[in-house]
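In mature numbering (1 follows the signal peptide of the UniProt record, and there is no 0), the protein residues as written are -25 to -1, 1 to 585. Data first, discussion second: the structure below is written as structure tokens.
Set out below in structure tokens:
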């Protein structure tokens, strides 16, 4: 059997040891519910012998002798072997099992075997036959094993007690000795040789780490607060809060669970305990406090320790919180000297002062929101006190400011809907005639606010569609005039804002225009939407261009399947003659084209030939 597989089997099934009669028996070991299996090799080896009683044989190449053996020179001597393991990484571990495994490489007699395993003191270059390592305890012996090969490719001893003893003594190394019992140490039939590399098959468990990162979770919204290390702590809003902690274990494969204890701060002995389910090491565990453990208005502490099923960590430091499970009963009051409720005053975008009053002793702040806009928050000046904000109504006509009080535990009060009238403040825009595509026209901007110092415009900024904003300086009376040209046909938006001497920028006045570039079509012979003429009866049509710079008309009597052109003449017109070949319904499409190829929108002229 492969040694690696053999060691795994041993970890699950047990270790070999001798009974009182010397017969090899299997000690069944129940696997731990948590822990780690490691199979370290020895870090050093040595042997001592009676032939060289003052010589140390430390880490010499080759196999090591045990008992009475014959050397290369033909002389017989007695020997003992030592194997040292580094156990510094097992500090604090609970040892479940430790199996020592050695390969027997040579045996003078296969019927008789009596090899003992001892825990000893450390071995050094001063360890000799005359100065052997101090034997501390006999751990077991292996004798004849019926049905096995000889020499045996492996022999096993239970070294659990020796490893536990070394760790309990605070040692960082474990030295194990193989020898023949003292009264038989000179018996040549019992002498044998072992490979100098041996194994310890260790099953151990380390206690979980004390839990860290304790946190408290509120009941609604999932709000989580960091742990307070001193009373009274933050307010929570439910008697079933969710508690969080990070659970970890030095044995990375373990999934530690948590034992929580919670108690009233003034009754530390009145502890309620419950369990946080196991999670992979390093994960955040969570659990809800069960019904009946907490009451509204109480002040509590809690702590947690972790368990892997075999070992338990120390308790964490306490975490504190208070309970408030009752929402404010009354909506806050709202008032404003600048925007009195229901009265028209100030204007859109002009900041005003608003005062919020709690009407509840537990309120710590206020959430406020202009209807349809992002919310804000302001803290009260004291518990159950007031708060003052400066805010500008974003809309004209009637505006709504919604205000809600928030208490220490995050509970929200009923909402106050504060409504008032708001005048418009955007600038006015006036112009003469009908704006047309490509033709400059004069516009005048006038202030939307005239009676407030600092708000009279010193400039206006206008923008056409997504074009580059343009700024014009206002006159002393706050007005400004300029020329505007719409450079693209179709729909166009003119957006204008004013800027006061105090830096205030007004809301935008947005005007929408449609810049019609379609030519007009008229015919006395075949009137639009009429029924006239007949097959073979010629008629004339007059086109008039609207788009500046048009050089020719393009037209089609068959939905643009066949397009013809005519030059734009004096007065922007052209007249064409056309003779229908058959009676019926017709569509005449006409558009204009500039010298650079820009086409107008088409005009669709419908008529019927009798």
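We put the beta carbon where it would ideally sit given N, CA and C, even for glycine.
Minimum C-alpha distance to residue i - residue among the options
i	options	result
residue 299	328, 382, 244, 293	382
residue 580	90, 304, 494	494
residue 76	95, 32, 100, 135	135
residue 33	265, 27, 42, 22	22
residue 344	357, 176, 374	374
residue 99	223, 74, 59, 573	59
residue 347	332, 13, 377	377
residue 305	390, 363, 321, 238	390
residue 546	14, 526, 530	526
residue 269	310, 212, 281	212
residue 364	412, 372, 357, 353	353
residue 474	432, 552, 487, 442	432
residue 583	541, 503, 204, 97	503
residue 397	294, 321, 47	321
residue 186	418, 427, 540, 292	292
residue 423	280, 480, 132, 97	480
residue 488	556, 412, 105, 106	412
residue 555	548, 500, 541	500
residue 318	393, 351, 244, 367	393
Contact check, residue i vs residue j, beta carbons under 8 Å
i	j	result
residue 11	residue 179	yes
residue 401	residue 326	no
residue 505	residue 558	no
residue 253	residue 278	no
residue 171	residue 20	yes
residue 484	residue 467	no
residue 43	residue 161	yes
residue 550	residue 517	yes
residue 414	residue 460	yes
residue 151	residue 70	no
residue 399	residue 387	no
residue 355	residue 339	yes
residue 235	residue 214	no
residue 110	residue 140	no
residue 333	residue 307	yes
residue 183	residue 91	no
residue 371	residue 443	no
residue 116	residue 31	no
residue 294	residue 130	no
residue 573	residue 543	no
residue 227	residue 256	yes
residue 192	residue 222	no
residue 303	residue 271	no
Residue i, enclosing alpha helix (DSSP H) - first and last residue
i	result
residue 392	Taken as a continuous stretch (DSSP letters only), residue 392 belongs to no alpha helix (DSSP H), being part of the beta strand (DSSP E) at 387 to 397.
residue 135	135 to 143
Where the beta strand (DSSP E) through residue i begins and ends
i	result
residue 462	Per DSSP, residue 462 belongs to no beta strand (DSSP E) and is neither H nor E.
residue 43	39 to 45
residue 375	372 to 382
residue 533	Unbroken run through residue 533: none, as it is neither H nor E.
residue 522	It is not in any beta strand (DSSP E) - residue 522 carries neither H nor E in the DSSP assignment.
residue 364	361 to 366
residue 74	68 to 77
residue 20	19 to 24
residue 308	308 to 310
residue 261	258 to 263
residue 327	327 to 332
residue 55	51 to 61
Presumed contact (8 Å Cβ cut-off) between residue i and residue j, rounded CB distance
i	j	result
residue 108	residue 57	6 Å
residue 435	residue 420	4 Å
residue 314	residue 296	With 8 Å as the limit, residue 314 and residue 296 do not qualify as a contact, their Cβ atoms being about 40 Å apart.
residue 124	residue 62	Not confirmed; about 31 Å, so no contact.
residue 498	residue 515	7 Å
residue 437	residue 470	7 Å
residue 576	residue 492	5 Å
residue 283	residue 224	6 Å
residue 112	residue 145	Not confirmed; about 17 Å, so no contact.
residue 80	residue 48	No, residue 80 and residue 48 are not in contact; Cβ-Cβ is about 20 Å, not under 8 Å.
residue 532	residue 561	6 Å
residue 78	residue 15	Not really, about 16 Å apart at Cβ, beyond 8 Å.
residue 133	residue 114	6 Å
residue 490	residue 464	5 Å
Residue i Cβ short of 7 Å to the ligand FMN heavy atom set
i	result
residue 323	You won't find the ligand FMN in this model; it holds no ligand whatsoever.
Item to check | 3 or more residues per run - each beta strand (DSSP E) lying fully within the region 84 to 112 | outcome: 90 to 95
Checklist entry - Considering only residues of the region 114 to 192, which uninterrupted beta strand (DSSP E) runs meet the minimum length of 3 residues and lie entirely inside it, listed in chain order? => result 130 to 133, 148 to 154, 167 to 169, 174 to 181, 187 to 192
Checklist entry - Along the chain, which unbroken stretches of the beta strand (DSSP E) at least 3 residues long are found entirely within the region 196 to 239? => result 199 to 201, 217 to 222, 232 to 239
Item to check | Within the region 396 to 421, ranges of the beta strand (DSSP E) (whole runs, at least 3 residues) | outcome: 403 to 406, 416 to 421
Checklist entry - Taking the runs of the beta strand (DSSP E) that are 3 residues or longer, which of them lie wholly in the region 451 to 514? => result 455 to 459, 465 to 475, 484 to 490, 495 to 497
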